[in-house]
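Structure record follows, encoded as structure tokens.
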Amino acid sequence: MPKNIFFDLDHTLWDFDANAEETLRELYQIYQIRYISHRSEQDFLDIYVKNNDEMWKLYRQNKITKEVLRSKRFVDTFREMEVDEEEIPHNIWEKYLDICPTKTILIEGARDLLDYLAGKYELHLITNGFAEVQRRKLNHSDLGKYFNTLTISEEVGKQKPHPLVFETALKNAKSDLKTSRYVGDNLEADVKGAIASGWKAYWYTKDDSTFSHED
6 MPKNIFFDLD HTLWDFDANA EETLRELYQI YQIRYISHRS EQDFLDIYVK NNDEMWKLYR
66 QNKITKEVLR SKRFVDTFRE MEVDEEEIPH NIWEKYLDIC PTKTILIEGA RDLLDYLAGK
126 YELHLITNGF AEVQRRKLNH SDLGKYFNTL TISEEVGKQK PHPLVFETAL KNAKSDLKTS
186 RYVGDNLEAD VKGAIASGWK AYWYTKDDST FSHED
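To convert, count from 1 in the sequence shown and add 5; that's my numbering.
Here it is, written out as structure tokens:
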């Protein structure tokens, strides 16, 4: 029987997409981006999301540092938006990191689920985010109170799906595979990573099209 339930944070409990979009729309206004590019606010969002995903892929492959990831995703976005080099707001990535972790939009039903589970199981978090950012998210969203332990890949030195992250989470929780379950949204990093490390894992996804069937 499970005694410990481990959750991923971003996209599983904390609504990364909604919080990031809210932040990016604020930045578009703060930095008056409409005056330095002919591209629309929605273009800014769409281009940033594409570049952010590309930078995270490179980071997970240990091809870039977190400092490069944080700044280059914005620089590349402005270049794609044809902003003159001298007009690129190079400190915008810092403002993004100031604002985004303070957002509090959660995945629908997340808090109700945690309220239900909290009295029945010990709850834990395993996240691939950056340590200082993830702790701020938990503080501002008031999620931290639900979890007994927090395992952050940056502090482990490896990213999910590396087995060391899952091994460290078990050690932190003083748990074992028999009594532990894991819930995450990323099929590769969360679900396949956990299963490859011997866990029973559950995939949270809002995309019904992921599952195909024949009548």
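Virtual Cβ for every residue (Gly too), placed ideally from N, Cα, C.
The beta carbon of Ser146 is closer than 7 angstroms to those of Trp19, Thr109, Leu111 in its chain, skipping five residues each way along the sequence. Around the beta carbon of Asp195, 16 or more other beta carbons sit within 10 angstroms, so the residue counts as buried. Going by beta carbons, Asp15 and Phe21 fall inside the 8 angstroms limit.
Linking Val161 to Leu148 through their CA atoms gives a straight-line distance of about 21 angstroms.
Non-local beta-carbon contacts of Tyr209 in its own chain, meaning distances under 7 angstroms to residues more than five positions away in sequence, involve Thr17, Val188, Gly189, Asp190 in chain order.
Judged by DSSP in its simplified three-state form, Val88 adopts coil rather than helix or strand. The beta-carbon distance between Trp98 and Ser76, rounded to whole angstroms, is 5 angstroms. This is short enough to meet the 8 angstroms contact definition. Classified as buried, Gln139 has 16 or more neighbouring CB atoms from the shown chains inside 10 Å of its CB.
In the three-state DSSP reduction, Gly189 falls in the strand class (E or B).
By the Cβ-count criterion, Ile35 is exposed, with fewer than 16 other Cβ atoms from all chains shown falling within 10 Å of its own Cβ. Pairing Leu192 with Tyr151 gives a Cβ-Cβ distance that is not under 8 angstroms. Scanning Gly203, Arg186, Leu143 for the CA closest to the CA of Pro168 turns up Gly203. Within the DSSP bridge table, the entry for Lys205 names Arg186 as partners. The residues Leu18, in chain order, have a CB closer than 7 angstroms to that of Ala115 in the same chain once the five nearest residues on each side in sequence are set aside.
When only Cα atoms are considered, Phe11 and Thr82 end up about 35 angstroms apart. Residue range 9-12 is occupied by the beta strand (DSSP E) that includes Asn9.
In the DSSP assignment, Glu127 falls within the unbroken beta strand (DSSP E) covering 127-132. For Thr154, the pairing in a beta bridge is given by DSSP as His129. For Leu111, the secondary structure class from DSSP, reduced to helix, strand or coil, is strand.
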